[in-house]
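Note that this note's numbering has the first sequence beginning at 1085, numbered continuously upward. C-beta: ideal position from N, C-alpha, C; glycine also. The structure under discussion appears below in the form of structure tokens.
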Amino acid sequence: MANLPILQFEDKILETVNQNPVVVIIGETGSGKSTQLSQILHRSGYTKSGAIAVTQPRRVAAVSVSRRVAQELDVRLGDEVGYAIRFEDRTSERTCIKYLTDGVLLRESLSDPELKQYSVIILDEAHERSLNTDILMGLMKRLIRLRASNLKVLITSATLDGEKVSKFFSDCPILNVPGKLYPVEISYTSEQPKSYIESSLRKAIDIHVNEPEGDILIFMTGQDDIEKLVSKLEEKIQSFEVGSCMDALVLPLHGSLPPEMQASCCFPLFVTCGSYVRVFSPPPPNCRRFIVATNIAETSLTVDGVVYVIDSGYVKQRQYNPSTGMYSLDVVQISRVQANQRAGRAGRTRPGKCYRLYPLAVYHDNLLDATVPEIQRSSLAGSVLYLKSLDLPDIDILKFDFLDSPSLESLQDALKQLFLIDAIDENGTITRIGKTMSELPLEPSLARTLIEANEYDCLTQALTVAAMLSVEGTLLPGRSKSSKSTEKKRKHPPSELPDGSGWGDHIQLLQIYELWDQTDYSIDWCKDNNLQVRGMLFAKDVRKQLSQIMQKIAKGSLDVRRKERRRDREHDYKNLRKSLCAGYASQLAERSIRHNGYKTLGFKSQLVQVHPSSVLREDEEGMLPNYVVYHELISTSRAFMRNVCEVEMQWVTPILQKLEKLNVNKLSGGSNQPMENTQEDQNIPKKDGPTDDSSSRIQAARDRFLARKANK
DNA sequence: GAGCACTGC
């Protein structure tokens, strides 16, 4: 710790912090900013008037950095130094340096908007621009006005956007702290390669044959490409004559890789160190490792021994389109911040080399400075509800001061969603329901479902569904297209797993969890049924947390098993589906008269299909239900509804009526459009910007609805 | 009849 670069700047840092409410710290990898900034301020007495909070975008980082700091200060973790992450709070009354995830700090500010317990708040890794950090930055700007005399805010960022952050905070000072990276020699291709898999393959083999020892880290976009490149590399390496060059080990590295897979190839030792988690034991002697990874190796995992980096220049990014309500997963060019982060991975242990598979001109002219922040790529219903629930008199959501503002369309999309599920009223004011919803660590649709379920006496089932939906990829992990036998198995699942009784995927998730509960949460049962163990355990944690929050207002028992109950399951399912309908009021779809295609019934109509993985059942005539709610719209080869549940038309009508009343100008507080059309108050169908065709559409839907009703 | 970058409350 003695030779960490940041310690040479201790006086300068203290002087700047003493004189300014906000300071931006540019600190590269290895500067020690994550572990030292808090200690420097602690030493100079800032913890006398309150604690120091240091936020991290990732849980592992919060845990490992706090552990390190406790070690350096020679205190027990949880005493003077502690951490708080979801499901785990290791702090005490004595804690004066507290590491936490940005999400946890946001939760804390819900009960204490001025965050009075802290004298210093450090937002670490702000350049990653996580949704939560962005919101925190906006809140900090307001907080330093309110607490000018007794709050210091430090924000750490990357070289390329430090200026921007400084400007945001009224040109606050920027301090540069050098890192401890070794020099990395960067080279470019002369042209954009046609196939970056082929191009990576050639470059990797070229390094292997011509360059001295040192592992190679190759950044690809996803599992598919990684698997392709891995097998090509292995093939190529096997074709070399024995002894012509050093041994090689090719390792895939991506998020959906089960832990035991990693174990079988490389005996992983998960040793935490600094803010990083180190994977893999050192390679055998005279053996070069080829690690083919997604951007998980950019920040979340550090592989020791990497000397060469091959950067494809691309990354897969999930984006939300507020005009269609649809998500898509696109391959996009990385940003310059990301490119530099990737290059830096080559210089951690000694001087390295980074091969960018794109021309220098592309780096300069085409790449964005920084990655498009998450806040501009996500549905904002949850964040808007959060900000509304803070009930800050001086904050207007549409004018909230974001470092990068989301589009007006995106904010209005969020407001409409919230209105349809009763979280805000027609004037955009948060309702009591909305207030309760904001206390739940769930997306608004599921939070609303829980509240409705409490009224219909099926809260315990709704808790389970919400917990299961909080996990992604609970069912059948990974695809094994290598073996044909498993493909056949998939068509006729050998498992005994329930099928949702035909009602849809939510009910299936409930039934699976209830079965698991009956096995006393057996790990083997999960494995036997091809359920991802990690995911199931996560669902159990979430369910427990949600139960604790709902306990206060729960009308019945929240046990998974309700032994005293005699009622039939269909009745439970019906209530549950009814609750889901209220929660997913902005995620409704109506089937076409003649075929099994659907049209979404929100303010923006889309033609969509039920995802083929759904267990939703067709009737005797091969038709799917007339009305469904969906958890998510995802655009891949087509527009699909993922996780679908049948609802009944009489539940849908009131929602359609509410849709007609929807007036986005009023929801926005009317402040951005002073000339309001007063006709809207009288419920007269009208034209209204992006929602203009919705009235006639809804009218048509109601006509069809009435026709159906008449036919029955 | 199809396919999953990465986080997080």
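Note down the Cα distance separating Ser1384 from Arg1142, rounded to an integer number of angstroms.
Indexing the first sequence from 1 puts residue 1384 at position 300. Indexing the first sequence from 1 puts residue 1142 at position 58. Distance from the CA of Ser1384 to the CA of Arg1142, rounded to the nearest whole angstrom, comes to 8 angstroms.
Taking only the alpha-carbon atoms, compute the straight-line gap between Ile1505 and Tyr1668 and give it to the nearest angstrom.
In the first sequence, the residue the question calls residue 1505 occupies position 421. In the first sequence, the residue the question calls residue 1668 occupies position 584. Computed Cα separation, rounded: 7 angstroms.
Please list the segments of the alpha helix (DSSP H) lying wholly inside the region 1397-1477, counting only runs of 4 or more residues, in order along the chain.
Residue ranges of uninterrupted alpha helix (DSSP H) with 4 or more members, entirely inside the region 1397-1477 and ordered along the chain, are 1420-1428, 1444-1449 and 1465-1474.
Give the DSSP-derived three-state secondary structure of Gln1201 in the structure shown.
Locating residue 1201 in the first sequence gives position 117, counting from the first residue. Note: Gln1201 maps to coil in three-state DSSP.
In the DSSP assignment, find the unbroken beta strand (DSSP E) run with Leu1190 in it and report its ends.
Translated into positions along the first sequence, residue 1190 becomes position 106. Premise fails: Leu1190 lies in the alpha helix (DSSP H), Asp1186 to Ser1195, not in any beta strand (DSSP E).
Along the alpha helix (DSSP H) that carries Arg1627, what are the first and last residues, could you check?
In the first sequence, counting from the first residue as 1, residue 1627 sits at position 543. Boundaries of the alpha helix (DSSP H) harbouring Arg1627: Val1617 to Met1634, taken from the DSSP string.
How big is the Cα-Cα spacing for Lys1264 and Gln1123?
As a first step, residue 1264 must be located in the first sequence, where it is residue number 180. As a first step, residue 1123 must be located in the first sequence, where it is residue number 39. C-alpha separation (whole angstroms): 19 angstroms.
Relative to the alpha-carbon of Leu1088, which residue among Gln1120, Val1101 and Val1106 has its alpha-carbon at the smallest distance?
As a first step, residue 1088 is located in the first sequence; it is residue number 4 there, counting from the start. When the alpha-carbon of Leu1088 is set against those of Gln1120, Val1101 and Val1106, the nearest one is in Gln1120.
Reducing DSSP to helix, strand and coil, say where Met1733 ends up.
Position 649 of the first sequence holds residue 1733. In the structure shown, Met1733 sits in a helix (DSSP, three-state: H, G or I).
What do you reckon, are the CB atoms on Glu1493 and Pro1406 nearer than 7 angstroms?
For the purposes of this step, residue 1493 is taken as residue 409 along the first sequence, with counting starting at 1. For the purposes of this step, residue 1406 is taken as residue 322 along the first sequence, with counting starting at 1. Yes; because the gap between Cβ atoms is below 7 angstroms, this pair is in contact.
Between which two residues does the alpha helix (DSSP H) carrying Thr1533 extend?
Along the first sequence, one-based indexing puts residue 1533 at 449. Unbroken alpha helix (DSSP H) run through Thr1533: Pro1528 to Glu1539.
Report back the beta-carbon spacing between Ile1300 and Arg1372 to the nearest angstrom; my notes put them in contact at under 8 angstroms.
Mapped onto the first sequence, residue 1300 falls at position 216. Mapped onto the first sequence, residue 1372 falls at position 288. Indeed they touch by this definition, with Cβ atoms about 7 angstroms apart.
Tell me which residues share the same chain as Asn1260 and place their Cβ nearer than 6 angstroms to its Cβ, disregarding the 5 neighbours each side in the sequence.
The residue given as residue 1260 occupies position 176 in the first sequence. For Asn1260, same chain residues with a beta-carbon under 6 angstroms away, outside a window of 5 residues either side, are Ile1110 in chain order.
Output yes or no for whether 7 angstroms exceeds the beta carbon distance between Val1204 and Leu1125.
As a working mapping, residue 1204 is identified with position 120 in the first sequence. As a working mapping, residue 1125 is identified with position 41 in the first sequence. Judged by beta-carbon spacing, Leu1125 lies within the 7 angstroms limit of Val1204, meaning their Cβ atoms are closer than that value.
Nearest-angstrom Cα distance between Leu1227 and Ile1181?
Residue numbering aside, residue 1227 sits at position 143 when the first sequence is read from its first letter. Residue numbering aside, residue 1181 sits at position 97 when the first sequence is read from its first letter. Each residue's alpha carbon lies about 20 angstroms from the other.
Check whether the Cβ atoms of Tyr1714 and Val1728 sit closer than 7 angstroms, and answer yes or no.
Residue mapping note: residue 1714 aligns to position 630 of the first sequence, counting from 1. Residue mapping note: residue 1728 aligns to position 644 of the first sequence, counting from 1. A contact, by the Cβ cut-off of 7 angstroms.
Hey, out of Gly1187, Glu1172, Cys1329 and Cys1542, whose CA is closest to Asn1294's CA?
Start at 1 with the first residue of the first sequence, and residue 1294 comes out as number 210. Nearest C-alpha to Asn1294: Cys1329.
Using a threshold of 7 angstroms, state whether the C-beta atoms of Val1415 and Lys1400 are closer than that.
As a position in the first sequence, residue 1415 is number 331, starting the count at 1. As a position in the first sequence, residue 1400 is number 316, starting the count at 1. Here Val1415 is near Lys1400, since their CB atoms are less than 7 angstroms apart.
Contacting residues, own chain, Cβ-Cβ under 7 angstroms from Ser1150 (five flanking each side not counted):
In the first sequence, residue 1150 corresponds to position 66, counting from 1. Within the same chain, and ignoring the five residues on either side of Ser1150 in sequence, the residues whose Cβ sits closer than 7 angstroms to its Cβ are Leu1161, Val1165, Gly1166, Tyr1167 and Tyr1183.
First and last residue of the beta strand (DSSP E) that includes His1679?
Residue mapping note: residue 1679 aligns to position 595 of the first sequence, counting from 1. That residue, His1679, is in no beta strand (DSSP E); it is neither H nor E in DSSP.
C-alpha gap between Leu1341 and Met1552, whole angstroms:
Mapped onto the first sequence, residue 1341 falls at position 257. Mapped onto the first sequence, residue 1552 falls at position 468. About 20 angstroms.
What does DSSP give as the partner residues of Ser1241 in its beta bridges?
Along the first sequence, one-based indexing puts residue 1241 at 157. In the DSSP secondary-structure assignment, Ser1241 is bridged to Ile1110.
Where does Asn1613 land, buried or exposed, given buried means 16+ other C-beta within 10 angstroms?
The residue labelled residue 1613 in the question sits at position 529 within the first sequence. Buried, by the Cβ-count rule.
Give, in chain order, every unbroken run of the alpha helix (DSSP H) that is at least 4 residues long and sits entirely within the region 1114-1182.
1117-1127 and 1143-1157, all fully within the region 1114-1182.
Option nearest Lys1750 by Cα separation, candidates Leu1660, Gly1681, Leu1526 and Asp1509:
Walking along the first sequence from the start, residue 1750 turns up at place 666. Closest option to Lys1750, Cα to Cα, is Asp1509.
Among the candidates Ile1607, Leu1317 and Ile1258, whose CA atom is the shortest distance from the CA of Lys1287?
Residue 1287 sits at position 203 when you count from the first residue of the first sequence. It is Leu1317.
C-alpha gap between Thr1273 and Tyr1439, whole angstroms
One-based indexing of the first sequence puts residue 1273 at position 189. One-based indexing of the first sequence puts residue 1439 at position 355. Tyr1439 has its alpha-carbon roughly 8 angstroms from the corresponding atom of Thr1273.
Using C-beta distances below 8 angstroms, list every residue in its chain close to Ser1214, excluding the 5 sequence neighbours before and after it, in chain order.
Working through the first sequence from its first residue, we reach residue 1214 at position 130. Taken in chain order, the residues that qualify are Pro1141, Asp1186 and Glu1458.
Three-state secondary structure assigned by DSSP to Asp1604
In the first sequence, residue 1604 corresponds to position 520, counting from 1. Asp1604 falls in the coil class under three-state DSSP.
For Arg1722, the first and last residue of its enclosing alpha helix (DSSP H)
The residue labelled residue 1722 in the question sits at position 638 within the first sequence. Run containing Arg1722: none; DSSP gives neither H nor E here.
Beta-carbon proximity of Val1731 to Cys1665, cut-off 7 angstroms
Along the first sequence, one-based indexing puts residue 1731 at 647. Along the first sequence, one-based indexing puts residue 1665 at 581. Taking C-beta atoms as the reference points, Val1731 and Cys1665 count as a pair closer than 7 angstroms.
Report the rounded CA-to-CA distance for Ala1145 versus Ser1118, giving the unit in angstroms.
One-based indexing of the first sequence puts residue 1145 at position 61. One-based indexing of the first sequence puts residue 1118 at position 34. Near 9 angstroms, if we compare the C-alpha coordinates of Ser1118 and Ala1145.
N- and C-terminal bounds of the alpha helix (DSSP H) containing Gln1501
For the purposes of this step, residue 1501 is taken as the residue at position 417 of the first sequence. Secondary structure note for Gln1501: its alpha helix (DSSP H) is the uninterrupted segment Leu1492 to Leu1504.
Contact between the region 1586-1606 and the region 1698-1706 is defined here as three or more beta-carbon pairs at a separation below 8 angstroms; is this criterion met?
Yes, the region 1586-1606 touches the region 1698-1706.
Do you know how far the Cα of Thr1131 is from the Cα of Phe1093?
Stepping through the first sequence from its first residue, residue 1093 is reached at position 9. Stepping through the first sequence from its first residue, residue 1131 is reached at position 47. The alpha-carbon of Phe1093 is positioned some 20 angstroms away from that of Thr1131.
Which residues mark the beginning and the end of the beta strand (DSSP E) in which Val1261 is found?
Taking the first residue of the first sequence as 1, we reach residue 1261 at position 177. From DSSP, the beta strand (DSSP E) with Val1261 extends over Ile1258 to Val1261.
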